[in-house]
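Structure record follows, encoded as structure tokens.
Numbering (my numbering), first residue to last: 5 to 347.
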């Protein structure tokens, strides 16, 4: 009961922050007192501009389709005790002006329908599978603060790279990014962990021009020599490093730091671990101030957006009980330790 009251308090504060919209709560946990237990039902009942707060649960919320402009916010994606999970998340033809934040998407996030949508924000999520922009795709999309296996596809004939006017920044990418509308896409200040050995970024329309990547870190762990270069990709103020015994071919472009240790505060290998990894830069790191415009390389670039290992949404308070007395005598005090977070 006390736990539910704490989450209710956090939800009430969130409702106050977003007072211009209706806030809907969803929780599929047994005994929940949220307005909905089924996320798809909440989405179907929501009006344009509503905010849906999805509580953490050990039960996956399943395959979700969004066909209304909504803000969907989960508790987070990597807390060891609780997270908000969905299987697939599908953006339908009427999902323009939608924000998705704080979710663990255990399969794919993709668009559906022949009509293109616009003004989409995808932030603070883990996407175990792919982020795909099919059919009409998306115009004006921000992808930031996520941990993503792959964005788009590496085939020149694929229908998964239909996105324009996109900013891809402050993410951890664990395989690659595929694109074709290079004229309107910005890829900056990401960390690529053990990226695809052939081409961590693939330009499907390289015959029409190149895309310039800025301030990214490519972090390998291999005994082989990897070559990140591919046609239509120019690297500017980027860094590569191989923590294994192999090497990395020098990047095509200018002001790059080839095979230099970025000196992360804590990163024992090339696999993301939210509890132990810290991709801030230690003092003396060659990546400090080496970015375009004198900013740092990597996901912590000094901007107002702050990457969070656990996927907590910036500006939304989280409340977590870290210790509680398991049994007490009648009339005795209950000892509870509570931690809060609000970036």
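We treat Cβ as the ideally placed atom computed from N, Cα and C, and that holds for glycine.
Rounded to whole angstroms, the Cβ separation of residue 266 and residue 291 is 5 angstroms, and the two are in contact under 8 angstroms.
Take the alpha-carbon of residue 68 and the one of residue 102: they are about 14 angstroms apart.
As the crow flies, the alpha-carbon of residue 285 is around 30 angstroms from that of residue 110.
Under the DSSP assignment, residue 264 falls outside any beta strand (DSSP E); it carries neither an H nor an E label.
With a threshold of 16 other beta carbon atoms within 10 Å, residue 62 falls short and is exposed. Burial of residue 289 is indicated by the presence of at least 16 other C-beta atoms within 10 angstroms of its C-beta. Positions of the beta strand (DSSP E) runs, each at least 3 residues long and wholly inside the segment 110-158, are given as 113-115, 121-127, 130-148 and 151-155 in order along the chain.
Secondary structure of residue 48 (DSSP, three-state): helix. By a beta-carbon distance limit of 8 angstroms, residue 41 does not contact residue 51. Their separation comes to about 20 angstroms. Between residue 174 and residue 193, the gap from beta carbon to beta carbon is short of 7 angstroms. One thing to note: residue 55 has its Cβ no nearer than 7 angstroms to the Cβ of residue 43. Scanning its chain for C-beta atoms nearer than 8 angstroms, with the 5 sequence neighbours on each side dropped, one finds around residue 256 the residues 233, 237, 238 and 239, in chain order.
Between the alpha carbons of residue 94 and residue 182 lies a distance of about 19 angstroms.
Fully contained in the segment 235-301 are the following beta strand (DSSP E) runs of length 3 or more, in chain order: 237-240, 243-246, 268-270 and 282-285. For the segment 161-215, the full-length beta strand (DSSP E) segments reaching 3 residues or more read 165-173, 176-183, 189-192, 195-197 and 205-207 along the chain.
For residue 30, the enclosing beta strand (DSSP E) starts and ends at 27-30.
A distance below 8 angstroms between beta-carbons, with the five flanking residues on each side excluded, links residue 293 to the following residues of its chain, in chain order: 299 and 300.
In this structure, the alpha-carbon of residue 117 lies about 28 angstroms from that of residue 211. For residue 156, the closest alpha carbon among the candidates 141, 146, 142 and 137 is that of 137. Residues of the same chain with a CB within less than 8 angstroms of the CB of residue 167, apart from the 5 flanking positions on each side, are 137, 141, 142, 143, 145, 156, 183, 185 and 189 in chain order.
Ranked by how close their Cα comes to the Cα of residue 26, the residues 262, 115 and 46 have 46 in first place.
In the DSSP assignment, residue 70 falls within the beta strand (DSSP E) that extends over 68-70.
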